[in-house]
Structures are given as structure tokens and as C-alpha cells.
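Colleague:
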Amino acid sequence: MIKYITGAVALACALGAGIAVADEAERASEAIRTLVPGTPIDSVEAAPLPGFQEVVINGNVIYVSNDGKYLMQGMLFDIENKVDLTEGRKAGIRRAAMAAAPVSERIVFPAKNKKYTVSVFTDIDCGFCRQLHKQMAEYNDRGIEIQYLMFPRAGVGSDAFRKAVAVWCDKDQQGAMTLAKDGGDPGNRNCSNPIEAQFALGQKAGVTGTPSLIFEDGTLAPGYMPPDQLLQRLQQMEAGK
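For the sequence shown, the positions run 240 to 480 when the working numbering is used.
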């Protein structure tokens, strides 16, 4: 008899814990919906910080108290292990999101002896993007393959968006990209293209300017990096530094 009672109590406790976890997640979700009605929430789960739920909204990570009363946004740092937990979580989100843009939907400048792959969100008219492109051969010579995704900063329907579509729809995408980066107008070509989806993907990945580099582990590095600096950064990451 004791055996059955003990089992029943354990089951009740487990069910109660499950309900409590569900309630905490729901309270966090409701708090977000109260602040910003209609906000699409990607996920809610227990945060590394006790007493809080981790809420992911369009690639952004925020923390809401289990009672739904408090919200925090910013870096959550593990002092003992010297790890930025928030950035680590964002990197994982980016890595998963980038799978939505297969290589077949990117404009690739391959390295002959490829050691690293870097995804670059670019804008045709961005000055530093043009500087990066001028040094494409140097990146490639260092074993760095550049995979372009379009991020017309002025948004869908802008002139930069038109140029991005025209480059994508050209039979010679690499040539059209180089022409456009040199200041030439790629024209008004149109076809089925991933430009709008890539712009949305960039926003979800946390891109706010161009160029923005995303490494294979999901790390985001905003801004232009000269070839040697980028190579050094990639080597340090590979070595775990």
C-alpha cells in the first residue's frame, strides 16, 4: 500500500511541477502581450537566471520574471565561467535561422583552398560593403569563402532593393555584383528571388547595418574587417580563444 501511495504522490508532484512550469511560461508570454499586443513570440523556456523565463522574439532574447512582473533586456553573463549566456543563445538562434538561406540562394565567392566560410549581409550602395568587395581576392586567397546575402538597408521597394534583385537575376551574378559594387547600375532585371526573405532573415539575425558578418557558429560581427583581421578573428575562434 505504501508503495502505491508513494508512487501516487510522486506522480502528483511531477504533474504539479509541470503545471507550474507551464504557468510561468504563460505568465511571461502574457506579460509580453500586455506590453506589446500582437507580438509574435518564438519561444519561452526557463532562463539560466533563477526565477526568470527566457523569451525569444524575432531573434531577440529578453528575460521575464516567473510572476510576469519584471522584464530585463541585455547581457546575462556567467561570471564563474566567463561566458556571455545571452550572446551564446543568440548565436544558436542565428545559426538555426541561417539554415533558411541555403547556399543555392546566396551569391558565393569561393576560396580555392577553403578554410572558412563567412556569410555577409550586404547592401549594394554601402561604402564599407564596397571596400570589402574590392578585396574579395584577398579574402579568397586567405581561404575565406564569402557568401553574400542581400540586406538593402532602405528596405523592400527601395532603389537598393531594385539593384539587389537585378544582381540576383543576372545570369552572371558575380559579375553583376562586382559591377554594382563599382558603382554601375545593374538595371531592372526581375525574376523569382530571395531578396525580401533575406532582408527579413537579416533582421531576425540582428543585422542593423552593413556589412554584417555571420560566422559558422552563429556569431555576428557588425562592420567591415580587412582580410588579415578577419583571418585572425577566424583563427582565434577556431582555437577557442
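For every residue, glycine included, the Cβ atom is placed at its ideal position computed from N, Cα and C.
1. Any contact between the stretch 334-342 and the stretch 304-321? By contact I mean 3 or more CB pairs, one from each, below 8 Å.
2. Helix, strand or coil, according to DSSP, for S542 in the structure here?
3. Near G331, what residues of its chain come up, given a Cβ to Cβ distance below 7 Å and the 5 sequence neighbours on each side ignored?
4. Can you find the residues in the same chain that come closer than 6 Å, C-beta to C-beta, to L470, ignoring five residues on each side of it along the sequence?
5. Do you know offhand how far P461's Cα is from H372's?
6. Assuming Q412 contacts I453 (C-beta within less than 8 Å), just tell me the rounded distance between them.
7. How many angstroms separate the CA atom of E284 from the CA atom of Q386?
8. Would you kindly check if the distance between the Cβ of K420 and the Cβ of I383 is under 8 Å?
9. Leaving aside the five residues before and after K354 along the sequence, list all residues of the same chain whose C-beta is less than 6 Å from its C-beta, in chain order.
10. Any idea if Y243 is buried or exposed, counting beta-carbon neighbours within 10 angstroms, 16 or more meaning buried?
11. Suppose the cutoff is 8 Å on Cβ atoms and the five residues either side in sequence are ignored; what does the same chain contact list for F438 look like?
12. Can you give the beta carbon distance from A261 to V294, rounded, assuming they're within the 8 Å contact cut?
13. Leaving aside the five residues before and after A335 along the sequence, list all residues of the same chain whose C-beta is less than 6 Å from its C-beta, in chain order.
14. Which residues in the same chain have their Cβ closer than 6 Å to the Cβ of M464, if we skip the five residues on either side of it in sequence?
15. Tell me whether M337 is buried or exposed, calling it buried when 16 or more other Cβ atoms sit within 10 Å of its Cβ.
16. Which parts of the stretch 286-318 are runs of the beta strand (DSSP E), unbroken and 3 residues or longer, counting only runs that do not cross its ends?
17. Which value, in whole angstroms, describes the spacing of the CA atoms of F348 and G441?
18. Hey, quick one: how far does the alpha helix (DSSP H) through T417 stretch, first residue to last?
19. In the DSSP output, which residue or residues are listed as bridge partners for T356?
20. At which residues does the alpha helix (DSSP H) containing F367 begin and terminate?
21. Can you give me the Cβ contacts of V446 inside the same chain, cut-off strictly under 7 Å, excluding the 5 residues immediately before and after it?
22. Take P450 as the anchor and find which of R333, Q370, G290 has the nearest alpha-carbon.
23. For I280, does the three-state DSSP call read helix, strand or coil?
24. Give the single residue among K443, N427, G290, S397 whose Cα lies nearest to the Cα of L310.
25. Do the CB positions of P425 and D409 come within less than 8 Å of each other?
Modeller: For this structure:
1. no
2. Any property of residue 542 remains undetermined from this structure, which presents the chain solely from 240 to 480.
3. G457
4. R381
5. 16 Å
6. That pair is no contact at about 20 Å.
7. 33 Å
8. no
9. Taken in chain order, the residues that qualify are G382.
10. Caution applies to Y243, whose pLDDT of 35 falls short of 50 and renders its modelled position unreliable; the value that the coordinates give is listed next. The residue in question, Y243, is exposed, as its Cβ has fewer than 16 Cβ neighbours within 10 Å.
11. M389, F390, P391, G394, V395, F400
12. Not really, about 15 Å apart at Cβ, beyond 8 Å.
13. Excluding residues within five positions, none has a Cβ falling inside 6 Å.
14. none
15. buried
16. 291-296, 299-304
17. 19 Å
18. 412-420
19. Beta-bridge pairing links T356 to E384.
20. Where F367 is concerned, the enclosing alpha helix (DSSP H) stretches over 366-373.
21. F360, F390
22. Looking at the Cα atoms, Q370 is the closest of the given residues.
23. Reduced to three states, the DSSP call for I280 is coil.
24. G290
25. Yes; because the gap between Cβ atoms is below 8 Å, this pair is in contact.
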